[in-house]
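J.: One structure is given below, represented as structure tokens, and several questions about it will come after.
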């Protein structure tokens, strides 16, 4: 059974005036669903409304409002949608999940979102696994006409960067693929490690797959191979990690691991996004063992083992 569809509202008379908000909640229709690797599905969406949206960075986040199966997807307002979402009956309230824009085609109003296929485990994977062309959801996307400071992305390397460490798991693959595709010309050395569930998932990265070191999880604990990968790096800033470091960092209940670098400078920059306890472990290794400044490391917990994350 395909997902419920939202009713298309009649166009308002007169000019449309939208608030100067960083994000707007827009309706998007599914154009295509395709499997791009053993663990990844790509869904192409097209905007239902003629309202400009954009992407400000390669790891640009958007938020999907996924209707519960068997319910009529509600139409939330363009702005102030969180309050409207809270007022819905729990049985009618869409699930909210953050994703990265993989591709955007502004002229045609299209964007691609890559989903990790967990089957029916999790609302996003469950929705993606049954999505059909014509299905409609709402997505909070960056407002192309916003006059303020862009937000919703953390890839901000310094202008002087020449050496990069990029490390993530399957949830970060869309962002990392975009990052590798637009590296600054000043970069001369890149160590990029991605842990994925299965062999063959490198296909989800497309043409830039050969520029990434792939770590197939093959049933291992999430993050275990990423932690070991730190000692593989040839970047001089990470020479202290050539020997196995004997510490573990865990995530406390309710803790959120999200600490992007600010005011970055210098030749080295690290961008890390994966399961929260793995990110904490890697961050601790870089800051404490390698004595790197916080301004050189952006670390984001994209998900947390054993608990939902929105």
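Numbering (this note's numbering), first residue to last: 3 to 312. Backbone N, C-alpha and C fix where the C-beta goes; we use that ideal spot for every residue, glycine too.
How about residue 165 and residue 269: are their beta carbons less than 8 Å apart?
T.: By one-based count along the chain shown, residue 165 stands at place 163. By one-based count along the chain shown, residue 269 stands at place 267. A contact, by the Cβ cut-off of 8 Å.
J.: Taking C-beta to C-beta, are residue 210 and residue 61 nearer than 8 Å?
T.: For this step, residue 210 is matched to residue 208 along the chain shown. For this step, residue 61 is matched to residue 59 along the chain shown. No, Cβ-Cβ distance for residue 210 and residue 61 is not below 8 Å.
J.: In terms of DSSP beta bridges, what is residue 28 paired with?
T.: One-based indexing of the chain shown puts residue 28 at position 26. Beta-bridge pairing links residue 28 to 141.
J.: Hey, is the stretch 146–160 in contact with the stretch 69–83, meaning 3+ C-beta pairs nearer than 8 Å?
T.: Too few Cβ pairs lie closer than 8 Å, so no.
J.: Quick one: is residue 90 buried, meaning 16 or more other Cβ sit within 10 Å of its Cβ, or exposed?
T.: Working through the chain shown from its first residue, we reach residue 90 at position 88. Under this definition residue 90 is an exposed residue.
J.: Let's test the definition: count the other Cβ atoms within 10 Å of the Cβ of residue 125 and tell me whether it reaches 16, buried, or not, exposed.
T.: The sequence position of residue 125 within the chain shown is 123, counting from 1. The residue in question, residue 125, is buried, as its Cβ has 16 or more Cβ neighbours within 10 Å.
J.: Just to confirm my understanding: we take residue 2, look at its own chain, exclude 5 residues before and 5 after, and list those with CB closer than 6 Å. What are they?
T.: Past the edges of the chain, shown from 3 to 312, lies residue 2, and the structure says nothing about it.
J.: How far does the alpha helix (DSSP H) with residue 280 in it reach, from first residue to last?
T.: The sequence position of residue 280 within the chain shown is 278, counting from 1. Looking at the DSSP string, the run of the alpha helix (DSSP H) that includes residue 280 is 278–286.
J.: If we count the other Cβ atoms within 10 Å of its Cβ and call it buried at 16 or more, is residue 239 buried or exposed?
T.: Translated into positions along the chain shown, residue 239 becomes position 237. Answer is buried; the Cβ neighbour count reaches 16.
J.: Nearest CA to the CA of residue 296: which residue from 122, 28, 114, 272?
T.: The sequence position of residue 296 within the chain shown is 294, counting from 1. Among 122, 28, 114, 272, the Cα nearest to that of residue 296 belongs to 272.
J.: Using the Cα positions of residue 43 and residue 174, report the straight-line distance between them to the nearest angstrom.
T.: The residue given as residue 43 occupies position 41 in the chain shown. The residue given as residue 174 occupies position 172 in the chain shown. The straight-line gap from Cα to Cα measures roughly 14 Å.
J.: Alpha carbons only, please: which of 225, 22, 155 is nearest the one belonging to residue 172?
T.: Residue numbering aside, residue 172 sits at position 170 when the chain shown is read from its first letter. Among 225, 22, 155, the Cα nearest to that of residue 172 is on 225.
J.: Could you check where the alpha helix (DSSP H) with residue 146 kicks off and where it finishes?
T.: Start at 1 with the first residue of the chain shown, and residue 146 comes out as number 144. Note, residue 146: premise wrong, no alpha helix (DSSP H); not H, not E.
J.: Tell me the rounded alpha-carbon separation between residue 258 and residue 170.
T.: One-based indexing of the chain shown puts residue 258 at position 256. One-based indexing of the chain shown puts residue 170 at position 168. Cα to Cα, the separation comes out at about 17 Å.
J.: Would you tell me roughly how many angstroms separate the C-alpha atoms of residue 144 and residue 28, rounded to the nearest one?
T.: Position 142 of the chain shown, counting from 1, holds the residue named residue 144. Position 26 of the chain shown, counting from 1, holds the residue named residue 28. Going from the Cα of residue 144 to the Cα of residue 28 covers about 10 Å.
J.: Roughly how many angstroms separate the alpha carbons of residue 218 and residue 20, rounded to a whole number?
T.: What you label residue 218 is simply residue 216 of the chain shown in a count that begins at 1. What you label residue 20 is simply residue 18 of the chain shown in a count that begins at 1. Using only the alpha carbons, I get a separation of about 46 Å.
J.: Starting from residue 216, follow the beta strand (DSSP E) in both directions and report where the run begins and ends.
T.: Numbered from its first residue, the chain shown carries residue 216 at position 214. First-last of the beta strand (DSSP E) with residue 216: 215–218.
J.: Nearest-angstrom Cα distance between residue 134 and residue 298?
T.: As a position in the chain shown, residue 134 is number 132, starting the count at 1. As a position in the chain shown, residue 298 is number 296, starting the count at 1. Going from the Cα of residue 134 to the Cα of residue 298 covers about 43 Å.
J.: Take every Cβ of the stretch 281–294, pair it with every Cβ of the stretch 196–207, and state whether three or more of those distances are shorter than 8 Å.
T.: The answer is no - the stretch 196–207 does not touch the stretch 281–294, with fewer than three Cβ pairs under 8 Å.
J.: How many whole angstroms separate the CB atoms of residue 228 and residue 195, which I take to be in contact at a CB cut-off of 8 Å?
T.: The sequence position of residue 228 within the chain shown is 226, counting from 1. The sequence position of residue 195 within the chain shown is 193, counting from 1. With 8 Å as the limit, residue 228 and residue 195 qualify as a contact, their Cβ atoms being about 6 Å apart.
J.: For residue 236, is the classification buried or exposed, using 16 other Cβ atoms within 10 angstroms of its Cβ as the cut-off for buried?
T.: Position 234 of the chain shown, counting from 1, holds the residue named residue 236. By the neighbour-count rule (16 or more Cβ atoms within 10 Å), residue 236 is not buried but exposed.
J.: Applying the criterion that 16 or more other CB atoms from any shown protein chain within 10 Å of the CB defines a buried residue, is residue 234 buried or exposed?
T.: Stepping through the chain shown from its first residue, residue 234 is reached at position 232. Residue 234 should be labelled exposed.
J.: Which residue comes first and which comes last in the beta strand (DSSP E) that contains residue 105?
T.: Here residue 105 is taken as the residue at index 103 of the chain shown, counted from 1. Start and end: 97–107.
J.: Using CA atoms only, rank isn't needed, just tell me which of 53, 100, 214, 121 is closest to residue 115.
T.: For the purposes of this step, residue 115 is identified with residue 113 of the chain shown, where counting begins at 1. The candidate whose alpha carbon is nearest that of residue 115 is 100.
J.: Rounded to whole angstroms, how far is the Cβ of residue 112 from the Cβ of residue 302, which I believe are closer than 8 Å?
T.: Along the chain shown, one-based indexing puts residue 112 at 110. Along the chain shown, one-based indexing puts residue 302 at 300. Rounded, the Cβ-Cβ distance is 26 Å, inconsistent with contact.
J.: From 177, 163, 206, 168, pick the residue whose C-alpha is nearest to that of residue 187; which is it?
T.: Residue mapping note: residue 187 aligns to position 185 of the chain shown, counting from 1. The option with the nearest alpha carbon to residue 187 is 163.
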